[in-house]
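Asks: I'd like to ask you about the structure that follows.
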Amino acid sequence: MRSLRLEPRTEGAQGAAVAASVIAVFATLIAGAVLFSLVGRSLSAVLYSFFLQPFASWNGIGEILLKAGPLLLIAQGLAVGYRAQVWNIGAEGQLIVGAIAASVLAIGFDGAASPLLLPAMMLAGGFAGAAWAGIAALLRTRFNANEILTTFMLSSIALQLLYYLVSGPLRDPMGMNFPQSILFGDAALFGPLIAGTRANTSLLIGLAAAIIAWAFMERSIQGFRLVVGGLSPGAARYAGFSEARSVWIGLLVGGACAGLAGVGEVAGPLGMLQRNLSPGYGFAAIMVAFLGGLHPIGIVFAALLMALIYVGGDFALVSAGLPNATVTIFQGLLLIFYLASSILISYRVVIGARSVEVSA
Amino acid sequence: MTATLIFILGGMLSAATPMLFAAMGEVVAERAGVLNLSVEGMMATGAATAFMAATLSGSHLVGFLAAGLAAAALSFIFAALVLGFVANQVAAGLAVGILGLGVSALIGKPFEGTTIAPLAKLDLFGLSLLPVIGPIVFGRDVMVYLGVAFVLAIAAVLGRTKLGLIIRAVGEAPGAARDIGYPVLRIRLACILFGGFMAGLGGAYLSIAYTALWAEGLVAGRGWIAVALVVFGTWMPLRIALGAYVFGAISLMELSLQSLGVQVPSQLLSASPYLITIVVLAAISRDATRIRLNRPLALGQAYRNDG
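Here's what the structure looks like:
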């Protein structure tokens, strides 16, 4: 009797990982097309404005790079934790806290022309993000509190903190009561990376993070401990790997990367501290981490893809009148299809006769 | 003063109801071993669908049913991922949750800025005219009472019936349950769908009963608080319900404090549910033994029928 079965793979399948991603992208396109035709939009208009228009201009490509920078950076940090099964869901809040820390410096030293200001802001932002995540690490290691919930709660708290600061203590006194800070001086801003676009140095930081993350996960002992802890907590415990240390490293690294990304936003395209710091980079980066298969190199491609969806969404809003929710829907669909097609990585499809046990 | 008291206590029951429904659905799913983090998205989908359905049909009942079905459909996607494709439950929950938020925005867009008549308040047993206690306990809308009924029913089913025992077995030791002959995947599917339906009802309550409107961000983290409530209540429906009512009271604090003339930055009040969630979570989880005793053993673990 012919049957279709899934058999667990015994050895790794590199080709399957790429195939899974490709299948996911196509499935997302098809599903999105179906969804939008149901809502009455022309399929070709949707696909064009979302996926082709961003490439049609230098500006579009610059925007993709601009958006990819923070996504890449945050996702690298998150993936370090995810591979150890440390689930940091609060990257958005850590980004905000990093941005706040950098802004405090930028505002406090406004007018100073020191080349040290920007690096100091980056350090402050990274530390602040790491510290914010560290709260969750402390809650997990000391109080056994689930980090999924604590990091998300902290993220919501960080948002309220931001709202409070830009409405009060950090508000521009001459800004006509708008909830935003002063515009940062030149010494506190990143210069443009590619002339004519808004892409800036945070992209370079993201790429550097990719290389560092790869080196850490593939070549260092501590990275090995984290990965083992994620694959088999029992084995890790037996080998004496400290679960608490993995939790701390996983969360601190993720928090630092998110904090740095926050610095990249306020010292980059925004140039100030305001209520709307990021279009959900923290949450999108979670998806980027998974889409990249939690692998440093895969994450680079996933970040570019996710950035394309963001930018495509902006174009689609203007030219095809698609609501902003379209971006969220595409992102969700992409991750869903990726998770589904990833089964091909661990399992193999077998078409054939049902095997029968024969005893000799 | 009495008016404030009535407002807080009565409003507490209503404010708690969305989280109550969502948490009841989630506890069933988690007792069966599945960690469903898409509650926020399912509630949002339910809220938008309910508003659309109630506006178009003029009936709250249609709104609630449509919401439940829509959220259940969303949870089916989640079930397919974690049961069929053996996907990581955390990732799948986040993905479906984000999809749910996006879908809700799409559904609700044409109806933003409009409003409908909220669900009518009842006069239970004709007792709502009693002083103080009357309007608080007997003058709420039907979903508040239905919520209480669900809590009692789910507590009874999970704790005292064979069905509840099977569900718990599936959540503690799915391999053993399968060996005895129970269809683990089918049971988990049913529990996930139930969880989705309940989350949809909870979200629907927000948009057609509590605040009779739809806006993006209406759910405002209540789905996540519902997930936290399940942990607070150590996976026991009655404790979870207690937590839900306490949170209902807290969410009213902002208005109550303002009416009492207390000056607190509004952002602190908005952050207070999350702060309190963290504190309580830490306090409850601190006793690792208690968590270990009550947490379904196989919660969050991938399962395959021939694994």
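One line per chain: the protein sequences are W and F, in this order. According to the working numbering, the first sequence is numbered sequentially starting from 1497. According to the working numbering, the second sequence is numbered sequentially starting from 10. Just so you know, even glycine gets a beta-carbon here, dropped at the ideal spot from N, CA and C.
1) For chain F, check one thing: does any of its Cβ atoms lie closer than 8 Å to the Cβ of GLU1853(W)?
2) Can at least three beta-carbon pairs, one atom from the stretch 1791-1804 of chain W and one from the stretch 1730-1742 of chain W, be found at a separation below 8 Å?
3) Could you name the residues of the stretch 1806-1836 of chain W whose beta carbon sits closer than 7 Å to any beta carbon of chain F, in the order they occur along the chain?
4) For SER1728(W), tell me which candidate among ARG1579(W), ALA1564(W), ALA1683(W) and ALA1624(W) has the shortest Cα-Cα distance.
5) Rounded to a whole number of angstroms, what is the C-alpha to C-alpha distance between LYS118(F) and GLY1746(W)?
6) What's the gap between the Cα of LEU1666(W) and the Cα of LEU251(F)?
7) So VAL157(F) is in the alpha helix (DSSP H); what residue range does that whole segment cover?
8) What's the C-alpha gap between GLY173(F) and ILE1596(W)?
9) Three-state secondary structure (DSSP) at TYR1843(W)?
10) Buried or exposed for TRP1554(W), please, with buried defined as at least 16 other CB atoms from any protein chain shown within 10 angstroms of its CB.
11) Please name the residues in the stretch 279-297 of chain F whose beta-carbon is closer than 7 Å to at least one beta-carbon of chain W, in chain order.
12) Quick check for students: name the residue ranges of the beta strand (DSSP E) that lie wholly in the stretch 44-72 of chain F, counting only runs of 3 or more.
13) ALA335(F): which of GLY19(F), THR58(F), LEU18(F) and ALA100(F) sits nearest, CA to CA?
14) What are the start and end residues of the alpha helix (DSSP H) that includes ARG231(F)?
15) For GLY309(F), I'd like the list of residues in its chain whose CB is within less than 7 Å of its CB, leaving aside the five on either flank, ordered along the chain.
16) So LEU1810(W) is in the alpha helix (DSSP H); what residue range does that whole segment cover?
17) Under DSSP, the alpha helix (DSSP H) around LEU1657(W) begins and ends at which residues?
18) Using the Cα positions of ILE1707(W) and PRO1792(W), report the straight-line distance between them to the nearest angstrom.
19) To the nearest angstrom, how far is the alpha carbon of LEU1926(W) from that of PHE1680(W)?
20) Using C-beta distances below 7 Å, list every residue in its chain close to LEU1840(W), excluding the 5 sequence neighbours before and after it, in chain order.
21) Ignore the nearest five residues each way along the sequence and tell me which others in VAL1759(W)'s own chain have a CB closer than 6 Å to its CB.
22) Can you find a CB in chain W that lies within less than 8 Å of the CB of LEU108(F)?
23) Check whether the stretch 274-286 of chain F touches the stretch 1656-1665 of chain W, counting contact only when three or more Cβ pairs, one atom from each stretch, lie closer than 8 Å.
24) For the 8 Å Cβ check, are there 3 or more pairs between the stretch 83-97 of chain F and the stretch 211-228 of chain F?
25) Give a yes or no on whether 8 Å exceeds the smallest Cβ distance from PHE94(F) to chain W.
26) Would you check if the distance between the CB atom of TYR214(F) and the CB atom of MET21(F) is smaller than 8 Å?
27) Looking at ARG177(F): is its Cβ nearer than 8 Å to the Cβ of SER23(F)?
28) Within this structure, are the beta carbons of ASN1696(W) and GLY1764(W) separated by less than 8 Å?
29) If the cut is a Cβ gap below 7 Å, which residues of chain F does TYR1659(W) touch?
30) When you compare the CB of VAL255(F) with every CB in chain W, is at least one pair closer than 8 Å?
31) Is there a Cβ from chain F that is less than 8 Å from the Cβ of ASN1642(W)?
32) When the Cα atoms are used, what is the spatial distance from GLY168(F) to VAL239(F)?
33) With 8 Å as the threshold, decide whether the Cβ of ILE86(F) is near any Cβ in chain W.
34) Specify the secondary structure class of PRO1504(W) as computed by DSSP and reduced to three states.
35) Could you compute how far the alpha carbon of PRO27(F) sits from the alpha carbon of ALA229(F)?
36) So, are the CB atoms of ILE15(F) and PRO127(F) less than 8 Å apart?
Replies: Once the coordinates are examined:
1) Caution applies to GLU1853(W), whose pLDDT of 47 falls short of 50 and renders its modelled position unreliable; the value that the coordinates give is listed next. It does not: the Cβ of GLU1853(W) has no partner Cβ on chain F nearer than 8 Å.
2) Cβ pair count under 8 Å is below three, so no.
3) Flagged, chain order: PRO1819, ALA1821, THR1824, ILE1825, GLN1827, GLY1828, LEU1829, LEU1831, ILE1832, LEU1835 and ALA1836.
4) If you compare the alpha carbons of ARG1579(W), ALA1564(W), ALA1683(W) and ALA1624(W) with that of SER1728(W), the shortest gap goes to ARG1579(W).
5) Taking the straight line joining both Cα atoms gives about 39 Å.
6) Roughly 40 Å separates the two Cα atoms.
7) VAL157(F) -> alpha helix (DSSP H) spans 151-169.
8) Linking GLY173(F) to ILE1596(W) through their CA atoms gives a straight-line distance of about 49 Å.
9) In the structure shown, TYR1843(W) sits in a strand (DSSP, three-state: E or B).
10) Of the residues assessed, TRP1554(W) falls on the exposed side of the cut-off, its CB having fewer than 16 other CB atoms within 10 angstroms.
11) So the list reads SER279, ALA280, TYR283, LEU284, THR286, ILE287, LEU290, ALA291, SER294, ARG295 and ALA297, given in the order they occur along the chain.
12) If only complete runs of 3 or more residues are kept, the stretch 44-72 of chain F shows no beta strand (DSSP E) anywhere.
13) With chain F represented from 10 up to 316, any question about residue 335(F) goes unanswered, as that position is not in the structure.
14) Run containing ARG231(F): 231-241, per the alpha helix (DSSP H) assignment.
15) Same-chain partners within the cutoff: LEU44 and GLN98.
16) In the sequence under discussion, the amino acid at residue 1810(W) is Asp, which differs from the Leu named in the question. ASP1810(W) -> alpha helix (DSSP H) spans 1792-1815.
17) LEU1657(W) -> alpha helix (DSSP H) spans 1643-1663.
18) Within the model, the alpha-carbon separation for ILE1707(W) versus PRO1792(W) is close to 7 Å.
19) Here chain W has residues from 1497 to 1856 only, and residue 1926(W) is not among them.
20) Contacts found: ALA1512, ALA1515 and ALA1516.
21) The answer, listed in chain order, is GLY1594, ALA1598, MET1617, MET1618 and GLY1621.
22) Output row for LEU108(F): interface = yes.
23) Short answer: they touch.
24) With the cut-off at 8 Å, the stretch 83-97 of chain F and the stretch 211-228 of chain F do not touch.
25) Against chain W, the CB of PHE94(F) has a partner CB under 8 Å away; the residue lies at that interface.
26) The beta carbons of TYR214(F) and MET21(F) sit no closer together than 8 Å.
27) No; because the gap between Cβ atoms is not below 8 Å, this pair is not in contact.
28) Yes, they are a contact pair.
29) Per Cβ cutoff of 7 Å: GLN276.
30) For VAL255(F), the answer is no, since every Cβ of chain W falls outside 8 Å of its Cβ.
31) For ASN1642(W), the answer is yes, since a Cβ of chain F falls inside 8 Å of its Cβ.
32) When rounded, the distance between both Cα atoms is 16 Å.
33) With 8 Å as the cut-off, ILE86(F) counts as an interface residue toward chain W.
34) In the structure shown, PRO1504(W) falls within a strand segment according to DSSP collapsed to helix, strand and coil.
35) Inter-residue distance for PRO27(F) and ALA229(F) is about 12 Å (C-alpha atoms, whole angstroms).
36) No, Cβ-Cβ distance for ILE15(F) and PRO127(F) is not below 8 Å.
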